[in-house]
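First residue of the sequence shown? That's 0 in numbering that gives the first Met the number 0, and the numbers climb one at a time after it. Comments concern the structure below.
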Amino acid sequence: MRPGLVLAAVGAVVGLGLAGAGCGSGKKPADVAPRPAASAPVPAPVAPRVTSEPLLTRLSIVTRARPPAADELATWSRRIDRGEATVDAYIDELLASPAFAGTVAPEMIIGEALVGWPYHVVRFSFVVRTTPASEGPPIYYVAKPCPRKAAVRVHPWWDLHGEVLVCPDAYRPDIWRTRTSKDAEHTCDAIEASPRFGDSGCGCGPNLIRCIRGMADHDARAASAHAELRDTVRYVIDHDLPFAALFSGRSTFHDRNMELSYRVWRIEAEQRSDGKLLADLDAWPADGQWAERFESAPGEHAGLLTAPGILHYFPDRRQRQWFLFERLWCTGASSNGATVHSVLDLGVASFQGGKNEGWQRLASQPICTDCHARTDYGFQFFWAFPDPKPSAGHFVREIARNGKRGMLYGNDIQDPRGEAELTPAGFAGLALRQPEFGRCMSRNAVEHVLGIDAGADDAAALAAGFDASRTTVKQLVKQALLRWATRVQPGEPTGALPVAPSWSGTGPVPLSPELERAIDGTCSGCHFDGAVGVPNFEGHALPRDRLLHMLAEVSATRMPRDRALSVAERMSLIDALIAHLWRTPADQQEARHQLGASLRAPGVWRWSLAEHLIRRAAGAPEASDRAWNALEAATRADQATYTPGFATMTVVEAIQACKDAGQTGQALEACVRAASVPRLFLRDQGPPAAGQLAPMITPGDADRPR
């Protein structure tokens, strides 16, 4: 095959089945765990020991989102080099810093939920408007204004001791369900129940609890929802509580806005219009406190899993449950291989649960079961939290399933993990006891610290001693930091490609023992003889198109499904496959260039750290809440490399940061160059100590890679 056809050849086979090979329904028995993915690929080479200053700088960035101050770096480096202090001691100091507990750790654990708008909290469909000030005291309305003599006086949630004038059809404090509601699940606090969308019969409710005044309230509520996530992580770390405290129990650290949200849930659930539940809201600390949340039924809450910032990150029950599993188990998702025919053949009208049991059939179908056994049985535990768009935005106790028990599944319908009461608390009790939780938290820590050089063995080493009821965030991250401190980032693999057995050019391609072992350790946990819906990768020889399948998915990082390969390990497997697929040195080198180029891009700090580095370099104040939800924020740290997209986003972020710092004209241009220079973000180089940035930057070279 001509080298110019490498990508065409690989692309032509992607659609033939491997993309759906995320462990199909025909797995080995659930009690036979796949072998660790890192057991077969060639390990990264051992590199020379680094000096203390670069190491300490990297440790500071990864734990505090900033390089150390110049005097701090000089002092610690000198003491460590003289044997008067240890890297271990420096790590302890970093992990005790407020920046780790309040900034870095929440971004590592919570992820993209910190930048998305919680769908129901912001109440975007219930915005009240006011009549012109020239007409006298403003009258609040939603759909249309009313005559002044018709307006009623109300104590609004934002000023419980004051009064405002409100149109009656925007108020309606005693209406709790829409005109078309047929059950308790469809209530007036649903997004679609707003009078803006028609005559639902609903209004803003008592004290106007369902409405906001505009974007200022919108943004404040989103910021408060994010703050609850951050501050709960911070509190748990500061008090050395275990991981279980994050995702179980009734307590979170939340401010007055979020306490208002929880009290509104109770008002809606109990249909109370007397205002008494809000009477002492002003006494709640504006900055928040660690406190229990009221439960309308036992088991309503499960730590941050029922915090609106996570609970309402996605509105749909199934999407929400997928996200919960992604946060707890790092499961990802794959619907590849599912067809329209396979879904229509089920012969059901709805897969959403409730009285219609079509979801149970969906969860047991080949291909579908990999995700839906887990998510669909999982969302039964959260059934009393409906989709807030068409239904209700609070815990509906009438449809709570207290007293009923349900199953939780892992990989598929053949992998039951136990049963518990169908409440969020019951779900948390099961989910946090599973090994996937420890693996996921360990993976988060390892990927955050090691970046693109994180491997399955790193995460496995941390997970081996993980106990949700005892392990703390500091303990886990310290293990990852110590592993990092004893290694040096490997360079790009060099030398000749592996040797492949001779091949006639027709028929199956014979595999070398090394490639067989690599495939066995990396892929055969799912791709075994007899697996349904996925290719079989077992044997001493495989068809060439099947090896192309494998190469396409591995080089694109879509496989292995858990992506638990470091860059060096992945390149080792890619090299072995290329050696078997192309036989001339020229073809092999072009294939390696085309398929491995993105993997050899330099590693960068995860986007959340990059944002902090940019604002610090620009001299801008630290943002209390992220301004936008960049795609880069959803990229796992082990996939973070210096790509054109990443470079573009650094410039966009730098422009905003420099404007926030008050720069204009030529000073703005110089600031943007300095705050987006690639060296700031490259893991192998990193920025200089604080206070040394300006001498490093000269006009004209700030935009050139170093």
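In this text, a Cβ means the ideal position worked out from N, Cα and C, and glycines have one as well.
Status (buried if at least 16 other CB within 10 Å, exposed otherwise) for residue i
| i | result |
| --- | --- |
| Lys477 | buried |
| Met214 | exposed |
| Arg560 | buried |
| Leu94 | buried |
| Phe196 | exposed |
| Trp358 | buried |
| Gly661 | exposed |
| Glu397 | exposed |
| Trp289 | exposed |
| Val533 | buried |
| Asp637 | buried |
| Ser503 | exposed |
| Asn443 | buried |
| Thr177 | buried |
| Thr583 | exposed |
| Pro434 | exposed |
| Ser133 | exposed |
| His526 | buried |
| Glu258 | buried |
| Gly82 | exposed |
| His706 | This structure cannot settle anything about residue 706, because the visible part of the chain is limited to 0 through 705. |
| Asn410 | buried |
| Ala585 | exposed |
| Asp281 | exposed |
| Val566 | buried |
Within 9 Å, strictly: CB atoms of residue i and residue j
| i | j | result |
| --- | --- | --- |
| Tyr312 | Ala112 | yes |
| Ala219 | Asn256 | yes |
| Pro509 | Pro497 | no |
| Ala616 | Ala646 | no |
| Ile266 | Gly392 | no |
| Ala362 | Asp375 | yes |
| Pro205 | Arg271 | yes |
| Leu407 | Phe426 | yes |
| Ala629 | Val61 | no |
| Val553 | Arg569 | yes |
| Asp659 | Pro601 | no |
| Ala467 | Gly437 | yes |
| Ile236 | Phe378 | no |
| Ala169 | Pro136 | no |
| Leu547 | Leu580 | yes |
| Ser675 | Ala639 | no |
| Tyr140 | Val165 | yes |
| Thr471 | Leu276 | no |
| Ala669 | Gly110 | no |
| Ala424 | Pro297 | yes |
| Leu207 | Val163 | yes |
Opposing strand residues paired with residue i [DSSP bridges]
| i | result |
| --- | --- |
| Pro167 | Per DSSP, none; premise fails for Pro167. |
| Val603 | Leu681 |
| Tyr140 | Arg128 |
| Thr471 | Pro241 |
| Ala540 | Pro509 |
| Glu420 | Arg404 |
| Val151 | Val165 |
| Gln288 | His253 |
| Ile613 | For Ile613, which the question treats as bridged, DSSP gives no partner whatsoever. |
| Arg176 | Thr186 |
| Ala430 | Beta-bridge pairing links Ala430 to no other residue. |
| Pro66 | Paired residues: none, contrary to the question. |
| Leu303 | Ala301 |
| Pro415 | Tyr408 |
| Thr640 | Gly602 |
| Glu211 | Per the sequence shown, the amino acid found at residue 211 is Ile instead of Glu. Answer by DSSP bridge pairing, in chain order: Val126. |
Expected contact under 8 Å - CB spacing of residue i and residue j to nearest Å
| i | j | result |
| --- | --- | --- |
| Leu480 | Val448 | 6 Å |
| Pro387 | His119 | 4 Å |
| Leu564 | Ala455 | 7 Å |
| Cys201 | Arg249 | Not quite, the Cβ-Cβ distance comes to about 29 Å (not below 8 Å), so this is no contact. |
| Gln587 | Ala575 | That pair is no contact at about 11 Å. |
| Arg400 | Ala419 | 11 Å between Cβ atoms; not a contact. |
| Ala268 | Ser295 | 5 Å |
Test: residue i CB closer than 9 Å to a CB of chain C
| i | result |
| --- | --- |
| Gly213 | Absent here is chain C; the protein component of the structure consists of one chain. |
Does the contact criterion of 3 or more C-beta pairs under 8 Å hold for the region 203 to 214 versus the region 152 to 160? yes
Kindly confirm or deny that the region 220 to 231 and the region 410 to 426 touch, where touching means at least three C-beta pairs closer than 8 Å. no
Touching by the beta-carbon criterion (3+ pairs, under 8 Å), the region 417 to 437 and the region 293 to 302: yes
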